[in-house]
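Chains as they are written, first to last, in the working numbering: chain X, 7 to 283; chain W, 8 to 205.
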């Protein structure tokens, strides 16, 4: 059985925290550039130009000051033995990355007491066992301007497709300028209450503009994107065509009595970076 | 054409700014988020002096990333403003004339702005690296225990902002969207206000 030291995971998480916060993924940059080309509204053009300028500054300054909660997704091969405490290793990686990278520490230890932990730990850690002998690490820092505009609904089966569409569009409408549009919209449909929310978050990790494997949901992604961009909210909410860069839908089987639907909104600083060990 | 304005603001200037205008702001501004606003309002409630001159002041809703050695500040884009809505009226009545943030404001805040002549500016959310370049120096004023949320005095140069809500209550979040829809989507803006049609 292959062995991997927890230290290697710590070092990788630390590095990915810094990379994710300072380098925007190319697919997100391409999507913003494409949106700028097709944006007719002058105010919106100016906003998109400034966003493009911001994203090209690079170097060691974070793209956005909200360097987020560190959402860490681990796909752990069943045929690998990790030596050391895995979740401690991830937290140590976040601690090092956020300290050495001069990233903002935005985590409070207790949701009501609200004393800052000082090192951005703990990570929001998701582990999944997969076949193989490798570990895939994805770090996706999540800012709360957009997280706060996210919602979940336990719809009725009779609400159906129309109910799902209405809930997604209403969530975007209510968010308006708050989540820093242009946004990326992650939608989870099905599963249980908790799995549905996770689906919506995982949808944000997909390459911008990639589609659900089923043609039905791929078409729904396109339709919702078009409707969202017809709202006129526009970049920063100043009006315009570019309200969203993409809608990504993820689905799971669900119970005969339910139709959970979750919408996780990301801002245009849609950060995520992966590495395989 | 963009306007060039200076901070602290005067009523003569704040009252002439109109929603939708682009401005470049130069001068002295103060940072404060939720926790600092709460402390400022607690001081005001006790009738104690505030830790910086509030008359004409511009407050930037920002919690920057830590400054690297030799630099005044880290990434410094705006945070969402509605979390300050509970506190802003108190500071506006004490003479604050400008707020910099992003996102919607409450009707109460807009009503007080109309009464006092204040302006709400939008900075581009998510453009923290770009906005940091406008900050020439930063000095801790108070509440160091709040970390990124401490109050800092910033000297800024040509900070690019958009007037979102002016002292007459005009709101770019409403007018900009309606104007765009009228010209490019040919929809009744009232439909958009009521929510998307299915």
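C-beta atoms are modelled at their ideal positions from N, C-alpha and C, and glycine is treated no differently.
| Check | Outcome |
| --- | --- |
| With H, G and I counted as helix, E and B as strand and the rest as coil, what does DSSP make of residue 106 (chain W)? | strand |
| So what's residue 23 (chain W) in DSSP terms, helix, strand or just coil? | coil |
| Compare the C-beta of residue 45 (chain W) with all C-beta atoms of chain X and state if any pair is closer than 7 Å. | no |
| DSSP has residue 230 (chain X) in a bridge; who is on the other side? | Partner(s): none; residue 230 (chain X) has no beta bridge. |
| Would residue 53 (chain X) be called buried (16 or more neighbouring beta carbons within 10 Å of its own) or exposed? | buried |
| How far does the beta strand (DSSP E) with residue 35 (chain X) in it reach, from first residue to last? | No beta strand (DSSP E) contains residue 35 (chain X), which is instead part of the alpha helix (DSSP H) from 32-43. |
| Thinking residue 111 (chain W) and residue 180 (chain W) are a contact (beta carbons under 8 Å), I'd like their distance in whole angstroms, please. | 6 Å |
| Do the stretch 17-24 of chain X and the stretch 99-118 of chain X touch if we need at least three Cβ pairs shorter than 8 Å? | yes |
| Let me know the secondary structure DSSP gives residue 37 (chain W) once reduced to three states. | strand |
| Any idea if residue 56 (chain X) is buried or exposed, counting beta-carbon neighbours within 10 angstroms, 16 or more meaning buried? | buried |
| Taking only beta-carbon positions, decide if residue 60 (chain X) is within less than 7 Å of chain W. | yes |
| Across which residues does DSSP place residue 149 (chain W) in a beta bridge pair? | W:158 |
| Can you find the residues in the same chain that come closer than 6 Å, C-beta to C-beta, to residue 4 (chain X), ignoring five residues on each side of it along the sequence? | No information on residue 4 (chain X) is available, as it lies outside the stretch 7 to 283 that chain X covers here. |
| Residue 270 (chain X) by DSSP, collapsed to three states: which one? | strand |
| Got a sec, what are the start and stop residues for the beta strand (DSSP E) residue 134 (chain X) sits in? | 130-136 |
| Which complete beta strand (DSSP E) runs does the stretch 50-138 of chain X hold, if anything under 3 residues is left out? | 75-83, 86-89, 130-136 |
| Looking at the unbroken alpha helix (DSSP H) that takes in residue 152 (chain X), where does it start and where does it end? | 150-153 |
| Evaluate residue 241 (chain X) with the Cβ neighbour count: other Cβ atoms within 10 Å of its Cβ, from every protein chain shown; 16 or more gives buried, anything less gives exposed. | buried |
| Jot down the residue ranges of each uninterrupted beta strand (DSSP E) in the stretch 35-102 of chain W, minimum 3 residues, whole runs only, in chain order. | 65-67 |
| Is it buried or exposed for residue 115 (chain X), if we count other Cβ within 10 angstroms and need 16 for buried? | exposed |
| Taking 6 Å as the cut-off, is the C-beta of residue 17 (chain X) nearer than that to any heavy atom in the ligand NAP? | In terms of ligand content, the structure shown is empty, and the ligand NAP therefore cannot be addressed. |
| Check whether the Cβ of residue 278 (chain X) lies closer than 7 Å to any Cβ atom in chain W. | no |
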